[in-house]
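*Asks:* Below are the structure tokens for one structure; questions will follow.
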Amino acid sequence: MLIRILATLECTKLLTANRFARLACAKDGQPYIVPLYYAHSDNHLYA
Numbered sequence: 016m017l018i019r020i021l022a023t024l025e026c027t028k029l030l031t032a033n034r035f036a037r038l039a040c041a042k043d044g045q046p047y048i049v050p051l052y053y054a055h056s057d058n059h060l061y062a
């Protein structure tokens, strides 16, 4: 998977087309991934 900057329109389309995401971070070199469902409305995310 390539990491790149998304244009605003690309980001909006991606968020509108999906309802499931994974939020990831790392602490002390250990990844932590949380699955979540979300809603996108009026430029806001609700999870």
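Just add 15 to the spot in the sequence shown (first one is 1) and you have the working numbering.
Backbone N, C-alpha and C define an ideal beta-carbon position, used for all residues, glycine too.
Values in this document were obtained by computation on a predicted structure and should not be read as measured data.
1) In this structure, how does DSSP classify residue 62 when only helix, strand and coil are distinguished?
2) Measure the alpha-carbon distance for residue 23 versus residue 56 and round it to whole angstroms.
3) Hey, residue 62 and residue 51 are a contact pair by Cβ (cut 8 angstroms); roughly how many whole angstroms apart?
4) Given this structure, state the Cα-to-Cα distance separating residue 48 from residue 30, to the nearest angstrom.
5) Going straight from the alpha carbon of residue 18 to that of residue 36, what length do you get?
*Replies:* The answer reads as follows:
1) Start at 1 with the first residue of the sequence shown, and residue 62 comes out as number 47. Residue 62: coil per DSSP, three-state reduction.
2) What you label residue 23 is simply residue 8 of the sequence shown in a count that begins at 1. What you label residue 56 is simply residue 41 of the sequence shown in a count that begins at 1. Cα to Cα, residue 23 sits roughly 15 angstroms from residue 56.
3) What you label residue 62 is simply residue 47 of the sequence shown in a count that begins at 1. What you label residue 51 is simply residue 36 of the sequence shown in a count that begins at 1. Residue 62 to residue 51, Cβ: 5 angstroms. Contact.
4) By 1-based counting over the sequence shown, the position of residue 48 is 33. By 1-based counting over the sequence shown, the position of residue 30 is 15. For residue 48 and residue 30, the distance between alpha carbons rounds to 18 angstroms.
5) Taking the first residue of the sequence shown as position 1, residue 18 is located at position 3. Taking the first residue of the sequence shown as position 1, residue 36 is located at position 21. So the two alpha carbons sit approximately 16 angstroms from each other.
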